[in-house]
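Count along the sequence shown from 1, add 27, and you get the number used in our numbering. Notes for the one structure printed next.
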Amino acid sequence: MKKLIIVAASFGGILLFLLASASANTALFARHYPWLLGLNAIVALSLFALVVWQVRVLWQEHRAKVFGSRLKLRLMLMFGLMAVLPGVLIYAVSVQFVTKSIETWFDVRVEKALESGLDLGRSALDSLLDDLAEKGRAMALDLGELPEAQRRLALSRLREQAGVQFAALFTTGGQLQATATSDLGTVMPPPPSLEQLRQARAGRGYRVIESVGGKDLLLRVLVPVSAVGLGMETRILQLTQPVPSSLALNAERVQEVYRDYQELSLGREGLTRIYAMTLTLTVLLALFTAIATAFVLARRLSAPLSILAEGTQAVAAGDFTPRQAIYSRDELGVLTQSFSQMTRQLADARRDTERHRAEVESARAYLESILANLSAGVLVFDRRFLLRTVNAGAQTILDDDFTGLLAVTVDAWPREQVFGRAIRDAFAEHGNKEWQTQIELDRPGALPQILLLRGTQLPPGSSGGYVVVFDDVTRLVAAQRSAAWGEVARRLAHEIKNPLTPIQLSAERMQVKLADKLGNGDSEMLTRSTQMIINQVQAMKRMVNEFSDYARMPAPELAPLDLNALIGEVLGLYETSRARINLALDPELPVVWGDASQLRQIIHNLLRNAEDAQDGFDDAQVLVSTRAIDGMAELSVSDGGPGFPPEMMARVFEPYVTTKAGGTGLGLAIVKKIVDEHQGRIRINNLQPTGAEVSIRLPVAQRLSPNPNSIEITGSDGAMT
């Protein structure tokens, strides 16, 4: 920008110098007028293009909403107006002044006066020339009457009489015949040319005013002298007379002034244009200088403001990177330096905050990772018992994704009302103390779920609140009960089985010894009594054997097993069953991991229970079905009997719980124990309108474990074991 200003100023100075030179030298102006005019136009157009380009750049920045463009545009407009308004006023006045001044230079009266002076000088010279011509004609008449020999003498006399400075006779061929002069020291004037002699002979004479030496004027008159006799050649008389030096000087001056005036008059329009172009250039130069100055000032003023604006926007967007500062002593420089220091401090503070936040996030992620991998369920409540956090363990245990329960108080839970009420009651009972309780939740179509809950209040530094940790102890309780019943069965088998054999033997011996010795019906009564004792002992032995089998259930020997084939094998034993057995086996059922003998025992127990449930029914039917569901293989056995009594649903898998008159209640308990040892699931459900269904889900065989002595299966909770 500075270079452009210097170049423009240099061109302007050159043009002004040329203008001044042209005004002082008319001939130079006349020769270089087109060049000066074209140069002025080029510089003016160049300056105009620069101004337009500058305004266009600012307008593009304004349309692009570049910060500081409005300030630059306003400053440039202000400076432009400050330069344009006075410049236009001065320009208009100057153009008018120059135009009027140039017009006054070429006044009509001045031109008329110069023409009158020029005419006056010409009239004076013409008068002298006419007088000399008249004297020449008179002398030619006198010489024409004299013979050739007397003319030379008469020429000197006639010259003196006429008062002419120089007289001479020439032949028509230009040969000098005679001369006469008033001053012998005077240089002879140049002889006439042949053309002049020819014109003088052809007419009545020839006269002219000639310049001698570029300064003096000479009056020349040629008059023909007629011949005296026949055969004589005509002679030409030449008279020359110098013009008075004062008259010649005045005439020459008037002529020069008139010639200069005419030259100026011819260049008047061009001079007006060059002055107008120069003034235009001056105005454009001033305008461009003002706009350039405005741009420089606006940029210097808007630069710190732009830095501050960008910095505030970046800070508002969260970017605390230190901004560039302007190191100047003015207020704006100090402001940008202070702002840069502030952003640097904010950046340091943000880095510390980010570091602390990262540490907190790391700790939180660590805690969440722990909570996510905990098998126990964890619930976190705020002070108002609004649920804030729930882990995956809680969702798995309760089989609920807690949708709609977050940010809801436990009293207003649309689901899990019993669970939420138990939590609220426990905190209400124990207050700020730690507590532990056990609850049972009813699950439709499944065993009641037993949960062990532990709760405590969070410390005040963590915004307060409450935390509840719970575990599903259903399997643990069932295992404890199974272990207890196993111990009972073992002791019963030990304590009862030993006396049963002596009792049976004693009854049989009594019948043998006393049957022949009794009469009058006593023998028959003895037979009935001993047979009753023997039958009951057999029943007790069978019950003791079942208890013994329950207590001494061996660990399953798992292997890949086709469940459909095993079902078909077992059903071969029920061809004579009083109930009709229907099959709905999935041909795509995957292979399961299981113990064939124990699974065969499960199928026998379920089929026998289904038959017994329909004892006395005319149209007894049993449905055996298999399917693949949730990555497991499911076996379902359903019947059309009365179903399970509601009061027994929660205890149906406990030993010695049965609805049959002669049953021991160990069938479903043994089934439940086998399923648990196979890492499977068992579910009972009453059908509508009548009937019951027992469903067993077993893990499928996925792949062999790297250890050839172990097998990798999917447990009931989805974990690999």
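Cβ atoms here follow ideal geometry from the backbone N, Cα and C, with glycine treated the same way.
For this session: Using beta-carbon positions only, say whether L725 and G595 come within less than 7 Å of one another.
Result: Cβ distance not < 7 Å, so L725 and G595 don't count as in contact.
Problem set entry | Nearest-angstrom Cβ-Cβ length linking L246 and Q268, presumed shorter than 8 Å | At roughly 5 Å, the Cβ-Cβ gap stays under 8 Å, so L246 and Q268 are in contact.
For this session: Quick one: give me the first and last residue of the beta strand (DSSP E) that V721 is part of.
Result: Its beta strand (DSSP E) spans residues A719 to P726.
For this session: State whether the stretch 392-407 contacts the stretch 484-503, with contact taken as three or more CB pairs (one from each stretch) at a distance under 8 Å.
Result: Yes, the stretch 392-407 touches the stretch 484-503.
Exercise. At which residue ranges does the stretch 180-235 contain complete alpha helix (DSSP H) runs of 4 or more residues, listed in the order of the chain?
Worked result: List check, alpha helix (DSSP H) in window: 221-229.
Exercise. Bridge partners of V248, per DSSP?
Worked result: Answer is R234 and L266, bridged to V248.
For this session: Going by CA-CA distance only, name the one from V437, T199, L266 and H89 that's closest to R228.
Result: Checking every option, the nearest Cα to that of R228 belongs to T199.
Exercise. Are A399 and A419 touching if we call contact CB-CB under 7 Å?
Worked result: Going by C-beta atoms, A399 is nearer than 7 Å to A419.
For this session: May I have the straight-line CA-CA distance separating T554 from R536, to the nearest angstrom?
Result: Cα to Cα, T554 sits roughly 11 Å from R536.
Exercise. Are P587 and V618 closer than 7 Å when you measure CB to CB?
Worked result: Yes, the pair counts as a contact, with Cβ atoms nearer than the cut-off.
Exercise. Start and end of the alpha helix (DSSP H) containing A647?
Worked result: Per DSSP, A647 lies in no alpha helix (DSSP H) and is assigned neither H nor E.
For this session: Alpha carbon to alpha carbon, how far is N591 from T430? Give it in angstroms, no decimals.
Result: When rounded, the separation of the alpha-carbon atoms in T430 and N591 is 39 Å.
For this session: Starting from E661, follow the beta strand (DSSP E) in both directions and report where the run begins and ends.
Result: Unbroken beta strand (DSSP E) run through E661: M659 to D666.
Exercise. Of all the options F446, P331, R442 and L266, which has the alpha carbon lying nearest to the alpha carbon of G190?
Worked result: For the options F446, P331, R442 and L266, the alpha carbon positioned closest to that of G190 is the one of L266.
Exercise. Assuming Q491 contacts R415 under a Cβ cut-off of 8 Å, what Cβ separation, rounded to an integer in Å, is found between them?
Worked result: The residue asked about is misnamed: residue 491 is Gly in this sequence, not Gln. Not really, about 11 Å apart at Cβ, beyond 8 Å.
Exercise. Is the stretch 673-681 close to the stretch 624-631, with three or more CB pairs under 8 Å?
Worked result: Not touching, per the Cβ criterion.
For this session: State the start and end residues of the unbroken beta strand (DSSP E) segment that holds L406.
Result: That run of the beta strand (DSSP E) goes G404 to F408.
Exercise. Taking the alpha carbon of V120 as the point to measure from, which residue in V310, M675 and T261 has its own alpha carbon closest?
Worked result: Ranking the options by Cα distance to V120, first place goes to V310.
Exercise. Is the Cβ-Cβ distance between G658 and Q641 less than 7 Å?
Worked result: With contacts defined as CB atoms closer than 7 Å, G658 and Q641 fail to qualify as a contacting pair.
Exercise. Do E661 and S604 have their CB atoms nearer than 7 Å?
Worked result: For E661 and S604, no; Cβs fall outside 7 Å.
Exercise. So which of F75, L77 and L100 has the shortest CA-CA distance to Q87?
Worked result: Closest by alpha carbon: L100.
For this session: Classify P271 as helix, strand or coil using the three-state DSSP reduction.
Result: The answer is coil: DSSP assigns P271 none of H, G, I, E or B.
Exercise. Hey, quick one: how far does the alpha helix (DSSP H) through Q465 stretch, first residue to last?
Worked result: For Q465, there is no enclosing alpha helix (DSSP H); the enclosing beta strand (DSSP E) covers residues W462 to L468.
Exercise. From R730 to S665, what does the alpha carbon distance come to, in whole angstroms?
Worked result: Residue placement at R730 is flagged as unreliable, the pLDDT there being 41, under the threshold of 50; a coordinate-derived value is accordingly withheld.
For this session: Report buried or exposed for A96, applying the criterion of at least 16 other Cβ atoms within 10 angstroms of its Cβ.
Result: Per the sequence shown, residue 96 should be read as Ser rather than Ala. Answer is buried; the Cβ neighbour count reaches 16.
For this session: Reducing DSSP to helix, strand and coil, say where D157 ends up.
Result: DSSP places D157 in helix when its eight states are reduced to three.
Exercise. How about A330 and F106: do their beta carbons lie closer than 7 Å?
Worked result: Between A330 and F106, the gap from beta carbon to beta carbon reaches 7 Å or more.
Problem set entry | Environment of K162 [buried if 16+ CB atoms lie within 10 Å] | Classification for K162: buried.
For this session: Consult DSSP for Q476 and reduce its assignment to one of helix, strand or coil.
Result: Strand at Q476.
Exercise. Of the choices I711, L650 and L593, whose alpha-carbon is the least far from that of M675?
Worked result: Proximity to M675 across I711, L650 and L593 peaks at I711, based on C-alpha coordinates.
Exercise. Under the three-state reduction of DSSP, which class applies to R708: helix, strand or coil?
Worked result: If DSSP states are grouped into helix, strand and coil, R708 belongs with the strands.
Exercise. Run through DSSP, which three-state label would L731 get?
Worked result: With a pLDDT of only 35 at L731, under the threshold of 50, the placement of this residue in the model should not be trusted; the figure read from the coordinates follows. Correct three-state label for L731: strand.
Problem set entry | beta strand (DSSP E) segment containing V27, residue limits | The requested residue 27 is not part of the displayed model; the chain covers only 28 to 748.
Exercise. For the candidate residues D157, A376, R83 and A385, whose alpha-carbon lies nearest to that of V342?
Worked result: Its Cα nearest to that of V342, the residue A376 stands out among D157, A376, R83 and A385.
Exercise. With 16 as the cutoff for other CB atoms within 10 Å, does Y393 come out buried or exposed?
Worked result: Burial check for Y393: the Cβ neighbour count within 10 Å stays below 16, so the residue is exposed.
Problem set entry | Residue of L152, S253 and R179 minimising C-alpha distance to S238 | That would be L152, whose Cα lies nearest to the Cα of S238.
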